[in-house]
Amino acid sequence: MPDRSTLLRVEHLRKVYESATGNVEAIGDLSFTMEAGELVCIVGPSGCGKTTLLKCLAGLLRPTSGVVEMDGSPVTGPSPAMAVVFQEYGRSLYPWLTVRGNVELPLRHKKLPRAERDKLVTDAIEAVGLAHAARSHPWQLSGGMQQRVAIARAIAYQPEVLIMDEPFAAVDAQTRADLEDLVRELHTSRRISALFVTHDIDESVYLGQRVLVLSTSPTRVQEDLAIDLPPERDQITTRALPRFTELRTHVYDQIQRAKRGQAVAPRSAR
Amino acid sequence: MTAYSGRIGTTPRGRGVGARLAAGFLYALGLPMLLLVVWGLVATRATSQFFPGPLTIAEAFVDTWVGPAFVEDVLPSLYRLGIGITASIVLGVAAGTVIGLVHWLRELLEPLLEFFRAIPPPVLIPVMMLLLGITDTMKVVVIVSGAVWPILLNTIEGVRATDSVMKETADAFRITWSERLWFLVLPAASPRIMAGVRQGLSVALILMVISEMFASSSGLGYRIAYFQRNYLIAEMWSGILLLGLVGVFLAVVFGLVERRVLRWYHGIREVNRA
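Chains C and A are the protein sequences, given in the same order.
The opening position of the first sequence corresponds to residue 1 in my numbering, with each subsequent residue numbered one higher.
The opening position of the second sequence corresponds to residue 1001 in my numbering, with each subsequent residue numbered one higher.
Dropping the structure here:
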């Protein structure tokens, strides 16, 4: 497989919610592409339709018009090539299953030999550092650990891209830093492609190789920004780099502009 | 859950397990014992033949129910009750799941179900006697016709209330139809289903007795009515006592099953309370 091939292509995506009180255009006209092995962060002002976008990408919502293509074939429903980590870990994990049961559940229909399935599950749970808690139930764990379970479930599924919807919005700051490093580590060590939606500007700059800044609703890509920070990142040193500050200030400006509605002409997505 | 039980209550640490067990025992049996003593005293003084003392009833209990009557009356009753409860659970959960999952079916059936539920089941006994004769089937049908409603309606509610994020998770990971049923829909509805079963059990016991009093030549209900008609007062009371024991037995079995099935549910509640 060539190293840089187009994994995900989104073209002129538009989503209108129809309701009795009138139509709401959540996504206006959104295009971008993502290459295999990339970690792309999507950041935008609150209420800009980030979650709608993500659900369209994951095949959970049908776009009103436009194309979402995964590996060159259109996404019409949930795809085995994608795994989603939801924001609400407490409602996404099944409390009647153990940690192991939760991670194993999506693999049941994959027709893998038992031994291989067990290996995938054990491996994923170890990768997120929860080997000691495999037999606990999610509600016996802290919020951060629960979100680790959700990440383990997603990587055990062996997707081509991990889609994460503000996964760390509900955990405290220290846990959040640990989880960010976990995502970075999974990305570098396992070459997992990930699309990471967040409202946190620092988080997007710290994590991403690229940051897509969205405009307010009806949403477009306001800017497609390459993050030229070294690939080895560290909570203290990376965040102290002058370049980090420049980038975050830049993204912040873009979002402020987006809020004021002074949308600059979108640069073409690569 | 044992991990949390220590935190609940204000029992000082120093007290031993034995002392705590004894205290629990006293709390559980203290009042019944006291009532028995009071009853014994009142019965010795009272002249009414309708209120025999506890010892007389205990004697009647052993004479009446230990022996062939157990096989002739108690077992058939328990058999009908067991079949009726099992059928109610299977039918209620199966139909409730389908109705809860299919939106238009629910809209269509809801008014009808409310109506059927409102009919007091004992009025069905004469109808069932005509249709099915005085048979075991008739009694089981009567039990089911009452016990199925709380289970059915609770299952519908439970299935319908399945969390939207949990459903989206199942969609995103392309969980198959049958896995969805076993690992999402039914467990998510299980607290409601168990609440329905608990109500269904007491209804089933009531209907078992009533159906036997109406039309039967065996069974606990029949036997109690027979004793009453023949002025065998102590024996009648002993039958009522036995019915109470059956009810307690059902509750204990249900409690054990519920603890097992809803361990996660009670666990969450304890964690949230702590």
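Just so it is clear, CB atoms sit at the ideal spot from N, CA and C, and this is done for glycine as well.
| query | result |
| --- | --- |
| Contact list for the stretch 4-29 of chain C against chain A, Cβ threshold 9 angstroms | none |
| Among A:Val1038, A:Asp1171, A:Lys1139, A:Leu1091, the one whose alpha carbon lies nearest that of Ala58 of chain C | A:Asp1171 |
| Per-residue contacts from Gly1267 of chain A into chain C (C-beta, under 9 angstroms) | Pro95, His137, Trp139, Gln140 |
| Contact the stretch 1067-1082 of chain A vs the stretch 1209-1219 of chain A: 3+ CB pairs below 8 angstroms | yes |
| Cβ neighbour criterion (16 or more within 10 Å) applied to Trp1177 of chain A | exposed |
| Contact set for Ile1240 of chain A: own chain, Cβ-Cβ below 8 angstroms, skip 5 residues either direction | Ile1224 |
| Cα-Cα separation, Arg148 of chain C to Gly1100 of chain A | 33 angstroms |
| Spatial distance of Ala258 of chain C from Leu214 of chain C (CA atoms) | 8 angstroms |
| Those runs of the alpha helix (DSSP H) which lie wholly inside the stretch 1080-1156 of chain A and span at least 4 residues | 1103-1118, 1124-1132 |
| Within chain A, partners of Val84 of chain C - CB distance below 7 angstroms | Ala1172 |
| Straight-line Cα distance separating Val1185 of chain A from Thr1162 of chain A | 7 angstroms |
| Straight-line gap, Ala134 of chain C to Gly144 of chain C (C-alpha atoms, nearest Å) | 15 angstroms |
| Within chain A, the residues that Leu60 of chain C reaches when beta carbons sit closer than 8 angstroms | Glu1168, Asp1171, Ala1172 |
| Nearest candidate by alpha-carbon position, reference Asp181 of chain C, set C:Glu166, C:His132, C:Val161, C:Glu232 | C:Glu232 |
| Thr249 of chain C burial status per 10 Å Cβ neighbour count (16 or more: buried) | exposed |
| Length of the line joining the Cα atoms of Asp118 of chain C and Leu112 of chain C | 9 angstroms |
| Anticipated Cβ contact below 8 angstroms, Arg1192 of chain A with Gly1158 of chain A, distance rounded | 3 angstroms |
| is_contact[Ser109 of chain C, chain A] using C-beta, thresh 9 angstroms | It is worth fixing the name first, because residue 109 of chain C is His in this sequence and not Ser. Closer than 9 angstroms: yes. |
| CB contact below 9 angstroms: Phe1050 of chain A versus chain C | no |
| Residue-level contact to chain A via CB, Pro266 of chain C, 9 angstroms cutoff | Because the pLDDT at Pro266 of chain C is just 48, under 50, the model does not fix this residue reliably, and the value given afterwards should be weighed accordingly. Judged by the 9 angstroms Cβ criterion, Pro266 of chain C is not in contact with chain A. |
| CA-to-CA distance, Gln209 of chain C to Ile227 of chain C, given in whole angstroms | 5 angstroms |
| Proximity test, Cβ basis, 9 angstroms: Tyr206 of chain C and chain A | no |
| Inter-stretch contact (C-beta, 8 angstroms, three-pair minimum) for the stretch 1121-1140 of chain A and the stretch 1061-1070 of chain A | no |
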